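K.L.:
With the first letter of the sequence shown counted as 1, position 9 gets the number 9 in our numbering; the numbers rise by one all the way through.
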Amino acid sequence: AKRKRISTMSTGATRFRFICSELNAPPEFVEVVGKRLLGLRERNENGSAVSAKRPNLQKIVEFMADAFVRCTRHANLVLLVLDDVQWMDDMSWRVVQAVFERGENVLILCGSRPPSSNPLSVDPEFWNDLQG
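What follows is the structure in structure tokens.
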């Protein structure tokens, strides 16, 4: 007798949608993280993939920063350590900057190769703020 295999993708997609719903995540977050990064696919009634409009990346940045701040609000101090920041992309820097601006208890420690030989994709004003 063959066993019916339960799809972990389906279970994972259901869990992901539930968590996003609980956190009041914007549709853009679900689109980019769920579909593009995790490979989760929404299907409509006839089984075809649901098409999505271009995501608003700023909403994703704001949601991720707010979620981080909410989840760490109870701590006296949060140390956010980032290594090899020379490899971070612009959107990642935007999230870090939003956490820096919104978090009252966050200390950010960045490690990188020398910026003179490995330019950073970070806003120069924000980089100066991080350096204190």
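Positions of the beta carbon are idealized from the N, C-alpha and C atoms, including for glycine.
In this text, all values refer to a predicted model and were calculated from it rather than measured experimentally.
In angstroms with no decimal places, state the Cα-to-Cα distance between LEU37 and ARG17.
P.N.:
Looking up residue 37 in the sequence shown gives position 37. Looking up residue 17 in the sequence shown gives position 17. Each residue's Cα considered, the two are about 14 Å apart.
K.L.:
Out of VAL106, ALA65, GLN97 and PRO115, state which residue places its alpha-carbon closest to the alpha-carbon of PHE126.
P.N.:
Walking along the sequence shown from the start, residue 126 turns up at place 126. Out of VAL106, ALA65, GLN97 and PRO115, GLN97 has the C-alpha closest to the C-alpha of PHE126.
K.L.:
Once you ignore the five residues that flank THR8 on each side, which residues in its own chain have a CB closer than 8 Å to its CB?
P.N.:
The residue given as residue 8 occupies position 8 in the sequence shown. Below a pLDDT of 50, predicted positions are generally treated as unreliable, and THR8, at 46, falls in that range; the measurement from the model is reported next regardless. Cβ neighbours of THR8 beyond the five flanking positions: none.
K.L.:
Would you grab the beta carbon distance between VAL85 and PRO55 for me? Rounded to a whole angstrom, and I think it's under 8 Å.
P.N.:
Numbered from its first residue, the sequence shown carries residue 85 at position 85. Numbered from its first residue, the sequence shown carries residue 55 at position 55. VAL85 to PRO55, Cβ: 24 Å. No contact.
K.L.:
Report the option in SER116, ARG94, GLU104 and SER92 whose CA atom is closest to the CA atom of VAL78.
P.N.:
Residue mapping note: residue 78 aligns to position 78 of the sequence shown, counting from 1. Taking only the C-alpha atoms, the option nearest VAL78 is GLU104.
K.L.:
As a quick exercise: from LEU40, ALA25, VAL61 and ASN24, pick the residue whose alpha carbon is nearest that of ALA13.
P.N.:
For the purposes of this step, residue 13 is identified with residue 13 of the sequence shown, where counting begins at 1. The candidate whose alpha carbon is nearest that of ALA13 is LEU40.
K.L.:
Is the beta carbon of LEU109 closer than 8 Å to that of ASN81?
P.N.:
The residue labelled residue 81 in the question sits at position 81 within the sequence shown. The residue labelled residue 109 in the question sits at position 109 within the sequence shown. Reading off the sequence, residue 81 comes out as Val, not Asn. Yes, they are a contact pair.
K.L.:
When DSSP labels each residue in this structure, what does VAL122 get in the three-state scheme?
P.N.:
By 1-based counting over the sequence shown, the position of residue 122 is 122. In the structure shown, VAL122 sits in coil (DSSP, three-state: anything other than H, G, I, E or B).
K.L.:
Rounding to the nearest angstrom, what Cα-Cα distance links PRO27 and ARG94 in this structure?
P.N.:
The residue you call residue 27 lines up with position 27 of the sequence shown. The residue you call residue 94 lines up with position 94 of the sequence shown. Near 19 Å, if we compare the C-alpha coordinates of ARG94 and PRO27.
K.L.:
With which residues is ILE108 paired in a DSSP beta bridge?
P.N.:
For the purposes of this step, residue 108 is taken as the residue at position 108 of the sequence shown. Looking at the DSSP assignment, ILE108 forms a beta bridge with LEU80.
K.L.:
Considering Cα atoms alone, identify which of ASP90, THR72 and ALA65 is closest to PRO119.
P.N.:
Here the question's residue 119 lines up with position 119 in the sequence shown. It is ASP90 whose Cα lies nearest to the Cα of PRO119.
K.L.:
What do you get for ALA75, buried or exposed, if any count of 16 or more other CB atoms within 10 angstroms of its CB means buried?
P.N.:
Position 75 of the sequence shown, counted from the start, is the residue given in the question as residue 75. Answer is exposed; the Cβ neighbour count stays below 16.
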